[in-house]
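Asker: Chains as they are written, first to last, in the working numbering: chain A, 1 to 372; chain L, 1001 to 1705. Glycine included, C-beta positions come from ideal geometry on N, C-alpha and C. What you are looking at is a predicted structure, and each value in this text was computed from that prediction instead of being measured. Provided herewith is a single structure, encoded as structure tokens, for subsequent inquiry.
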């Protein structure tokens, strides 16, 4: 079935112990089609005693669940508030959640957005946010996450993915190029997003070939987990408490806008990519690789495939959809979208064999190594 | 975005070479990092602490190189071929077949996996030192009924995998299985403790459980479990696909103990040596051997002179007559001593008494001529053939049912078939090279160190260096005086290129044949005979050896990588490896203590397992699965030969009935260490979460919000 409609996509990054508190209320209000991904959230933990002498190695990982689903735009805000309320996400260290507007361009008839009945909730947060997604090679994620934690921006979420692209075209030699990737997701205020993107590019050396990819995407609103450290409090108040108090007084976050970093000597102006879109194809386990190669022949450069679990009530028609799913995220230019959609449809992505669903979000700014 | 050409890209030769070079270097370095500790440690211990030169050093060096190369191929092949294959089947199986079919597949797979892996043969090698009169049931299970032992272990593993699949299907937690199984096993072990015959096989039974699930079975079972769990598990299943290896390590113990109980009626009770060979016990004793001739062979190769005479109804003449017949009648000799024509003569020289030698050779001159010990050369074609066949058998027996199920039952095409087939080829190649390397390098090294190890607390006789010196002239003997005034006789012998003084013992000189039987001795190195410090050195050696060998185990590496992948990096592989390695180190030291001080195995197994049950109750499902699985995975192709060499050497020096049990203790302690680590991590996480909620509650009370 095809159509293009704007829906709300809500993504919650919560500690695994908290996710149970959220999933049940969601089911009760009528959100029955969810995707769950496993991730981890690193925080900085002060080392005590002799371990304090050892350099680094003070990142502690917590298991985290990424809960994502589509809702119609009317009830998006209400569901967001419900999640914040039930998960107590206004408290530091519990998790983050945000909503964004995306295009649901094409999907199997079973894979539509949730349409819960409207219900009453408390006030929704009004903080505007921008999301940053950075894809690097497996093992490099911690160093990029560190820079985000050290700057006190937010608690990043890291999950694993597999990259496809040039690698698949060189025959058996592809085993010499590692395909495992780490995907880092953070959200921050729109004022700071570009500065932080620059920091991540520098630390991850993304201007070198094969090191990775980074892009921004606009979000609507949400709440971010800012508790980047864990351990004993050294002062009367922790920095997060002070920031939260001043946010409350000032009624917003513009006051903590970062001034642009002083230009370092010899820093080149980066050539950012603009006018792109993130085309995410959700499909059944095992079908992603084929569909991605179909998309690549229609112009996509490659994709990052991550594994998801499909959560639905046990006796609903959604049980036809495979519980093991894949999300193939491709960054493409606007004019390629139609061609790719057509190719996917012809390959049967939206039939019962794949139960595909394509989401489209704007990517105003991206960066990677480009062949000169 | 830059447009890519659809279809293949041609990669230049030099570019391809650089890609390959980088890739190979990366993989080899990973394996070197896991193996260097145990190798360097063994070499240093032997040369520096025991002070013995390493014989065949160049062969050992080649062997070690082969181990690294083999491990590289093997691990790469696992992740390229075998595990993706297993996961594919695991994902497709619940979609396209019913539960009974899945269970049947699991039973067959478990059974074949046990037949494929060579671990049981290693235990049989350990059993060569067992005496049939001291431990009849154990001897029976290790020799005549060894194939039945393998089948019972196979049945145990098959049942375990079937239960594992059922567990995923019905989303049962692992904890109840552990409580019930461990409870039953501990109860059975306690009962067996009080039965003379069953007592001897408890060590074997627990070691069988520890030794199953080798480096090929474990990754396959893991991948299968993970695949099935993705399709079948609920949103919050803590199992994530682990837990089957645990069951595959506990069920075989049960089946072996039950087998022992079943055979209890058909074996004699333990008795002393000479009684065993008397005619009145003949029928009972023969039940332990394949046939009469094999028993005769055993009598001559392993029993003392008195027992040999007792076998022939106390008549020396009958025995001598029998030997003469053997040396002349070829078919009879073959039946008793096997196909090797020199076997009878070799036995006569090395173990026979004067009269026996005379009856075999027929004359004194013949004996005199045949005097030097035979040095075994390495038979390269045999080595290659044996190990290649073993590798093909190991992986073929497992890959075959997988392929059959995939193509016939599930009717699925193989995605990325070139990678998977390459991966399987790598696995077979890697396993073959790795086995050869272990035989040539690690086993030789381990045997040398292990055999010399008791010298740290005891005087040991270096029996392999026993030589018969011909044309010995008593005039060569000189005298020296010791500090307490006793006269010591010695003589100089040229061994190799060195002139070595050897203590002279009149009893070892045979004036009739003019031969001197020379057996050098060594030790004790630390303190006096049986001193505490000597034993402490042995225990410390055992700990570090267990630690180092565990870090090199391929199956544990595979588990660690899989755990890190499934938990998305929250449980790092290095943390798991370190926790398990330290646990295994303690366990092996504990097992060696059992042999040295003859502590009953019951005391070393039951308390830790009961403690484990308690800690399991406190831990989360996630850590319980990973912790118990990691114990089932340790004790693989690197640890087992080293541990057995050490255990046998110490056991034979100390004089225990059987040297089993070290592997079992080595499997208990890692569970404790991993669960302890898990408890601490979980406690800190919970504390961090509830801290926020607590402060919020307090704040709202204060602010009145």
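Is the CB-CB distance between residue 1633/L and residue 1579/L below 8 Å?
Answerer: No, they are not a contact pair.
Asker: For the stretch 84–112 of chain A, which residues have a CB atom closer than 7 Å to at least one CB atom of chain L, in sequence order?
Answerer: 88, 91, 92, 93, 94
Asker: Answer with buried or exposed for residue 1482/L, where buried requires no fewer than 16 other C-beta atoms within 10 angstroms of its C-beta.
Answerer: exposed
Asker: Applying the 10 Å Cβ sphere with the 16-neighbour rule, what's the burial state of residue 280/A?
Answerer: buried
Asker: If you draw a straight line from the alpha carbon of residue 384/A to that of residue 92/A, how long is it in whole angstroms?
Answerer: In the structure as shown, chain A starts at 1 and stops at 372, and residue 384/A therefore has no counterpart that could be examined.
Asker: Expressed to the nearest angstrom, what Euclidean distance is found between the alpha-carbon atoms of residue 1485/L and residue 1038/L?
Answerer: 46 Å
Asker: Pull up the distance between the alpha-carbon of residue 1373/L and that of residue 1517/L, whole angstroms please.
Answerer: Note that residue 1373/L scores 37 on pLDDT, short of 50, meaning its location in the model is unreliable; the coordinates nonetheless yield the value given after this. Residue 1373/L and residue 1517/L have their C-alpha atoms spaced approximately 11 Å apart.
Asker: I need the DSSP call for residue 221/A, collapsed to helix, strand or coil.
Answerer: strand
Asker: List, in order along the chain, the chain A residues whose C-beta lies closer than 9 Å to that of residue 1008/L?
Answerer: Ordered by position in chain A, the residues that pass the 9 Å Cβ test against residue 1008/L are 169, 170, 171.
Asker: Between the stretch 275–287 of chain A and chain L, which residues of the former have a C-beta closer than 9 Å to a C-beta of the latter?
Answerer: 276, 285, 286
Asker: Since residue 1009/L and residue 169/A should fall inside the 8 Å C-beta cutoff, what is the C-beta to C-beta distance between them, to a whole number of angstroms?
Answerer: 4 Å
Asker: Let me check understanding here. Comparing Cα to Cα, which of 193/A, 202/A, 108/A, 224/A lies closest to residue 216/A?
Answerer: 193/A
Asker: Chain A beta carbons: is any one of them nearer than 8 Å to that of residue 1629/L?
Answerer: no
Asker: Please confirm if residue 61/A has its CB atom under 8 Å from at least one CB of chain L.
Answerer: yes
Asker: To which residues does DSSP link residue 1478/L through a beta bridge?
Answerer: 1490/L
Asker: Taking only beta carbons into account, state which residues of the stretch 1062–1096 of chain L come closer than 9 Å to chain A, listed in chain order.
Answerer: The stretch 1062–1096 of chain L vs chain A, Cβ under 9 Å: 1076, 1080, 1088, 1091, 1092, 1095.
Asker: Determine the DSSP secondary structure at residue 272/A, reduced to helix, strand or coil.
Answerer: coil
Asker: Quick check: is the beta carbon of residue 1374/L nearer than 8 Å to any beta carbon in chain A?
Answerer: A caution first: residue 1374/L carries a pLDDT of 39, below 50, which makes its placement in the model too unreliable to give a value.
Asker: DSSP on residue 1460/L, reduced to helix/strand/coil?
Answerer: Of the three classes helix, strand and coil, the one that applies to residue 1460/L here is strand, per DSSP.
Asker: Would the stretch 326–344 of chain A and the stretch 170–181 of chain A be scored as touching if the rule is three or more Cβ pairs under 8 Å?
Answerer: no
Asker: Output, in chain order, the set of chain A residues within a Cβ distance shorter than 7 Å of residue 1165/L.
Answerer: By Cβ distance, chain A contributes nothing, its closest Cβ being about 17 Å from residue 1165/L, past 7 Å.
Asker: Residues of the stretch 1667–1686 of chain L with a CB closer than 7 Å to any CB of chain A: list them in chain order, please.
Answerer: 1685
Asker: Under 8 Å Cβ to Cβ from residue 1137/L, same chain only, skipping five residues before and after it: list those, please.
Answerer: 1197, 1198, 1200, 1201, 1260, 1263, 1264, 1267
Asker: First and last residue of the beta strand (DSSP E) that includes residue 303/A?
Answerer: 303–311
Asker: Please classify residue 355/A: is it buried, with 16 or more other beta-carbons within 10 angstroms of its beta-carbon, or exposed?
Answerer: Result: buried.
Asker: Distance check for residue 1014/L and residue 1066/L, CA to CA, integer angstroms please.
Answerer: 28 Å
Asker: Less than 6 Å between C-beta atoms, sequence neighbours within five positions excluded: which residues of the same chain meet that for residue 1504/L?
Answerer: 1477, 1489, 1490, 1491
Asker: For the stretch 1242–1275 of chain L, list every residue whose C-beta sits within 9 Å of some C-beta in chain A, in sequence order.
Answerer: none
Asker: Using only alpha-carbon positions, find the residue among 1472/L, 1347/L, 1682/L, 1540/L that is nearest to residue 1508/L.
Answerer: 1472/L
Asker: Report the partner residues of residue 35/A according to the DSSP bridge assignment.
Answerer: 68/A, 310/A
Asker: CB residue 1694/L to CB residue 1449/L, shorter than 8 Å?
Answerer: no
Asker: Going by beta carbon distance, what residues of the same chain come within less than 7 Å of residue 986/L, once the five residues before and after it are set aside?
Answerer: Because chain L in this structure spans residues 1001 to 1705, residue 986/L falls outside the shown range and cannot be described.
Asker: Residue 1179/L lies in the beta strand (DSSP E); which residues open and close that run?
Answerer: Per DSSP, residue 1179/L belongs to no beta strand (DSSP E); it is in the alpha helix (DSSP H), 1175–1193.
Asker: What residues in its chain sit with their C-beta under 7 Å from that of residue 265/A, if we drop five residues either side in the sequence?
Answerer: With a pLDDT of only 44 at residue 265/A, under the threshold of 50, the placement of this residue in the model should not be trusted, and no figure is reported.
Asker: Return no unless some Cβ of chain A is closer than 8 Å to the Cβ of residue 1169/L.
Answerer: no
Asker: Does any residue of chain C have a CB that is nearer than 8 Å to the CB of residue 1569/L?
Answerer: In the displayed structure, chain C is absent; the protein chains listed are A and L.
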